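Student:
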Amino acid sequence: MMEKTKTKLDGLTPEQRSAVTTTEGHIRVVAGAGSGKTRTLVYRYAYLLNDMGIPQSDILCMTFTNKAAQEMKTRISALCPGGVVGDFVTTIHGFCVKFLRKEIYRLGLPENFIIYDEEDMKALVKEVLEEEGIARRKGIVGNYMEELGKFKAMTPYIERFVIPTAPFNLPDVPIFGKMVLRQKRYFALDFDDLLYYTLHILDNFHEVRAKWQQQFQYIMVDEVQDCDREEWRLFTTLSEAFGNLFVVGDADQAIYEWRGAHPELFVNWQPNTDIYLKENFRSLPNIVCLADCIIENNRNRLPRTSITMRPPGGIRTKFYHSRNEKSEADKTAQVLKSLNRNDGVAWNDMAILYRATYLSRSIEQTFIREKIPYVVWGGVRFFERKEIKDALGYLRLIALDDDMAFKRMDRNAAAGRLVATILEARQALDKKSISALLEFILESSGLLEMYRVDTEEERLENLQELLKSIRLYEEENKNEEDLGVERYLQDIALYTNADYRKDDDKVRLMTVHQAKGLEFPLVWIYGLNEGVLPSHRTIRERGEAGLEEERRLMYVACTRAMDRLIFSDSEGFNVQNSQAKYPSRFIREAEDCCGPLYDIEGSFSPTLWDGTDGLIRSLEEPERGGDPVFGEGELVHHPVFGDGVITDVDPDCGVVTVRFEGFGARRIDPKLLVSVEDSSNNC
2 MMEKTKTKLD GLTPEQRSAV TTTEGHIRVV AGAGSGKTRT LVYRYAYLLN DMGIPQSDIL
62 CMTFTNKAAQ EMKTRISALC PGGVVGDFVT TIHGFCVKFL RKEIYRLGLP ENFIIYDEED
122 MKALVKEVLE EEGIARRKGI VGNYMEELGK FKAMTPYIER FVIPTAPFNL PDVPIFGKMV
182 LRQKRYFALD FDDLLYYTLH ILDNFHEVRA KWQQQFQYIM VDEVQDCDRE EWRLFTTLSE
242 AFGNLFVVGD ADQAIYEWRG AHPELFVNWQ PNTDIYLKEN FRSLPNIVCL ADCIIENNRN
302 RLPRTSITMR PPGGIRTKFY HSRNEKSEAD KTAQVLKSLN RNDGVAWNDM AILYRATYLS
362 RSIEQTFIRE KIPYVVWGGV RFFERKEIKD ALGYLRLIAL DDDMAFKRMD RNAAAGRLVA
422 TILEARQALD KKSISALLEF ILESSGLLEM YRVDTEEERL ENLQELLKSI RLYEEENKNE
482 EDLGVERYLQ DIALYTNADY RKDDDKVRLM TVHQAKGLEF PLVWIYGLNE GVLPSHRTIR
542 ERGEAGLEEE RRLMYVACTR AMDRLIFSDS EGFNVQNSQA KYPSRFIREA EDCCGPLYDI
602 EGSFSPTLWD GTDGLIRSLE EPERGGDPVF GEGELVHHPV FGDGVITDVD PDCGVVTVRF
662 EGFGARRIDP KLLVSVEDSS NNC
């Protein structure tokens with residue numbers, strides 16, 4: 002008789018081991034940055050399987066991205082006998098797809114429904130707007146998509162328009178209802194629908210709810226600080242039968258409140274057991290200390306202090322201050338080239354993070370001039386590029402009879418050639434691999450030929466990259482019973498930008514949001530100015546809650562760094578938010594009782610903090626209205642430039658031009674100015 006496999010827990014910290022072996026009840030794991038939470042989840046799954054004998058089918062483990070789910074599957078397979086991982090290590094939306102494939106017939110829809118991504122939904126919205134005679138002005142499609150999302154969140158649209166007994170009267174259907182009906186006609190669900198349909202069925206079909214609650218003895222959910230109320234309702238409902246719900250998160254890394262996340266649900270949850278993973282295995286001690294000094298200014302959090310597991314020492318954080326935006330970009334390029342040439346730091350070990358995408362412009366121009374290889378994350382997502390949508394559109398048309406895909410193909414191919422390709426490909430659907438089928442389609446349809454003739458080298462390279470990614474997908478899922486075109490299209494529709502990553506030797510440029518979950522030996526936080534990070538727009542819209550989320554963004558940015566952390570800012574004027582540029586308050590917060598946790602390089606005057614404080618005060622004051630309070634010829638005082646005279650007032654931009662002695666003419670936000678008379682009275 003074979004001895005049962007036992008999971009070796011020797012390499013875990015005491016806290017990680019406690020999280021792995023505490024199996025019963027509601028358990029909350031507060032996992033700080035770099036604390037090994039994925040390792041903990043993987044070992045807990047293996048422990049349930051190997052040591053407790055729980056079947057894989059009875060364990061539901063949900064995370065946020067396909068990439069994270071695939072990594073967990075790979076690591077679990079190394080710890081489990083046979084190396085086969087159950088079907089329920091997945092994303093939240095991935096679980097909803099698996100659920101709906103079995104249960105959606107109850108709503109009158111087929112199990113082979115199609116999943117629409119953002120680009121598909123844009124096409125559908127355009128179609129409805131054209132039929133309704135609504136003019137396509139700039140931005141109108143995006144506005145209608147946003148309102149459609151609100152409509153689905155706030156109205157019982159499934160009862161009104163989707164179920165077979167829906168009581169709608171077509172002439173009275175609002176335009177968003179017509180969009181839902183168009184989706185129903187195409188058997189198409191978007192991301193929101195996946196969750197709403199699942200919850201509707203669980204709420205309205207008691208036998209279904211009981212069956213799925215009995216299915217899972219243990220439920221684990223990662224990154225719960227970024228879950229919205231509906232996602233919390235999903236996994237708490239599913240856990241009601243056995244009561245074993247294990248959630249992992251970090252309120253200090255909650256950066257998605259703006260899109261519906263509710264970190265307070267994690268903070269205020271009352272579990273049976275709390276476990277804190279305080280150790281940071283990623284970053285050097287000086288980086289951990291700096292990040293903690295910043296985040297400790299937040300109130301809506303579960304208090305903890307990180308303990309670094311890496312030895313002391315390393316390079317102190319640098320703060321590069323520049324007199325203008327060009328100098329900031331030049332300094333960035335100069336430092337990175339030196340590190341690459343002299344210290345052997347690879348380009349792909351470097352990441353430039355910024356709060357807003359427009360900040361990448363000056364860096365890109367400089368990197369091109371200096372011949373520094375780079376890649377921008379978060380432009381057009383790989384799977385949303387035209388050539389990729391065309392290629393996948395053929396697969397959808399062949400495998401799913403997708404009407405929207407047919408309309409797309411009809412615009413890109415001759416009718417006779419299109420029909421012949423579809424018929425021949427359908428005959429080979431069950432005989433060829435996904436990659437082989439796509440290769441045939443690309444050649445037979447003339448898609449490759451079209452891009453070759455047009456010398457669209459980048460598009461051809463992207464199609465080759467698509468084939469490469471499909472072959473990798475086939476290899477990773479070779480043991481799956483339902484591996485085929487339909488399964489692939491389902492998975493690809495759930496992909497996010499974080500799931501597609503080229504590992505070329507290039508510097509990564511990305512927003513802080515896109516960096517979530519990643520780590521790099523060197524992180525450079527660029528454009529660290531007050532009003533940008535933190536974003537004053539966010540603070541104006543959401544007050545203290547907005548400021549705390551901005552501080553969490555800063556914390557996330559800092560904790561992506563393993564060995565080197567660099568800040569930079571510059572002086573001048575920010576056209577995007579019509580403000581003079583001063584250093585971010587977060588730089589000043591990166592201090593402890595022993596002084597700053599960073600070294601300043603560049604000509605930095607401490608009086609710049611007066612400008613930062615002025616911007617902060619301007620947020621606390623009521624809005625003055627659209628008209629500046631100063632007029633031409635008025636004498637004013639600025640906290641840095643001193644006394645000056647107003648030479649121009651621009652009411653459209655809300656700024657004034659002031660000529661200062663020794664500094665020349667500067668465009669200034671009037672909120673930072675006081676009249677010379679007021680200034681003297683205050684003294």
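Numbering (the working numbering), first residue to last: 2 to 684. Each residue gets a CB set at the ideal place from its N, CA and C atoms; glycine is no exception. All values reported here derive from a predicted model rather than from experimental measurement.
Note down the Cα distance separating N498 from E487, rounded to an integer number of angstroms.
Tutor: Bear in mind that a pLDDT of 48 at N498, under 50, signals an unreliable position, so the number given afterwards is only what the model happens to contain. Taking the straight line from one Cα to the other gives about 21 Å.
Student: Taking the alpha carbon of A242 as the point to measure from, which residue in E128, V209, S446 has its own alpha carbon closest?
Tutor: Comparing Cα-Cα distances from A242 to each of E128, V209, S446, the minimum goes to V209.
Student: Here's a check: name, in chain order, each residue in its chain whose Cβ is nearer than 8 Å to the Cβ of A32, leaving out the five neighbours to either side.
Tutor: Within the same chain, A32 has close Cβ partners K38, T41, V249, G250, D251, L278.
Student: Checking the sheet assignment: what are the DSSP bridge partners for A666?
Tutor: R660
Student: I need the DSSP call for A32, collapsed to helix, strand or coil.
Tutor: strand
Student: Taking the straight line between their C-alpha atoms, what separation do you get for G178 and E133?
Tutor: 13 Å
Student: Classify D223 as buried or exposed, calling it buried when 16 or more other Cβ atoms lie within 10 Å of its own Cβ.
Tutor: Residue environment: D223 is assigned as buried (16 or more neighbouring CB atoms within 10 Å of its CB, all protein chains considered).
Student: Output the distance between the C-alpha atoms of E232 and M63, rounded to the nearest integer angstrom.
Tutor: The C-alpha of E232 lies about 11 Å from the C-alpha of M63.
Student: Considering Cα atoms alone, identify which of I353, F587, A400, N298 is closest to R561.
Tutor: Of the candidates I353, F587, A400, N298, the one whose C-alpha sits nearest the C-alpha of R561 is I353.
Student: Out of curiosity, what's the CA-to-CA distance linking E329 and W525?
Tutor: Spanning the two alpha carbons is a distance of roughly 12 Å.
Student: Judging by CA-CA distance, which residue of S361, N575, S604, A334 is the nearest neighbour of L616?
Tutor: Nearest option by C-alpha distance: N575.
Student: Check R586 in the structure and name its three-state DSSP category.
Tutor: helix
Student: Is it buried or exposed for D293, if we count other Cβ within 10 angstroms and need 16 for buried?
Tutor: buried
Student: Between N480, R283, G645, A47, which has its C-alpha nearest D59's C-alpha?
Tutor: Residue A47 is the option with its Cα nearest to D59.
Student: Leaving out five residues before and five after V90 in sequence, what residues of the same chain have Cβ atoms less than 7 Å from its Cβ?
Tutor: C62, A70, M73, K74, I77
Student: Give me the residue from V513, L430, G655, D173 with the minimum Cα distance to Q254.
Tutor: Ranked by how close their Cα comes to the Cα of Q254, the residues V513, L430, G655, D173 have V513 in first place.
Student: Look at the alpha carbon of V181 and the alpha carbon of F96, and state the distance between them as a whole number of angstroms.
Tutor: Our two residues, V181 and F96, have alpha carbons roughly 22 Å apart in a direct line.
Student: If you measure between the beta carbons of L609 and H639, is that distance less than 8 Å?
Tutor: The answer is no: Cβ separation not under 8 Å.
Student: Have a look at P671, S585, E635 and flag the residue whose alpha-carbon is nearest the alpha-carbon of I295.
Tutor: S585
Student: Out of V650, S676, T14, V637, point me to the one whose CA is closest to F661's CA.
Tutor: V637
Student: With a floor of 4 residues, list each alpha helix (DSSP H) that falls wholly inside the stretch 152-220, ordered by position along the chain.
Tutor: Fully enclosed alpha helix (DSSP H) runs of 4 or longer: 176-186, 192-205, 207-216.
Student: According to DSSP, is S681 helix, strand or coil?
Tutor: The predicted model places S681 with a pLDDT of 40, which falls under 50 and marks its position as unreliable, so this point remains unresolved.
Student: Would D403 be called buried (16 or more neighbouring beta carbons within 10 Å of its own) or exposed?
Tutor: Burial of D403 is indicated by the presence of at least 16 other C-beta atoms within 10 angstroms of its C-beta.
Student: Looking at the unbroken alpha helix (DSSP H) that takes in M555, where does it start and where does it end?
Tutor: 537-559
Student: Can the beta-carbon of S436 be found closer than 8 Å to that of R386?
Tutor: no
Student: Alpha carbon to alpha carbon, how far is Y527 from V557? Give it in angstroms, no decimals.
Tutor: 14 Å
Student: Is the beta carbon of L443 closer than 8 Å to that of R453?
Tutor: no
Student: Which of the three DSSP states, helix, strand or coil, is assigned to E16?
Tutor: It is helical.
Student: By Cβ distance below 6 Å, which residues in the same chain neighbour Y257 in space, the five residues on each side in sequence not counted?
Tutor: D227
Student: Give me the Cα-Cα distance between N325 and K372, rounded to the nearest whole angstrom.
Tutor: 22 Å
Student: In the DSSP output, what is N281 paired with across the bridge?
Tutor: T309
Student: Rounded to whole angstroms, what is the Cα-Cα separation between V163 and I105?
Tutor: 11 Å
Student: For a test of the three-state rule: what should DSSP assign to E602, helix, strand or coil?
Tutor: Correct three-state label for E602: strand.
Student: What do you get for V420, buried or exposed, if any count of 16 or more other CB atoms within 10 angstroms of its CB means buried?
Tutor: exposed
Student: Return the bridge partner residues of E592 from the DSSP annotation.
Tutor: P597
Student: What residue range does the beta strand (DSSP E) around F320 cover?
Tutor: 318-323
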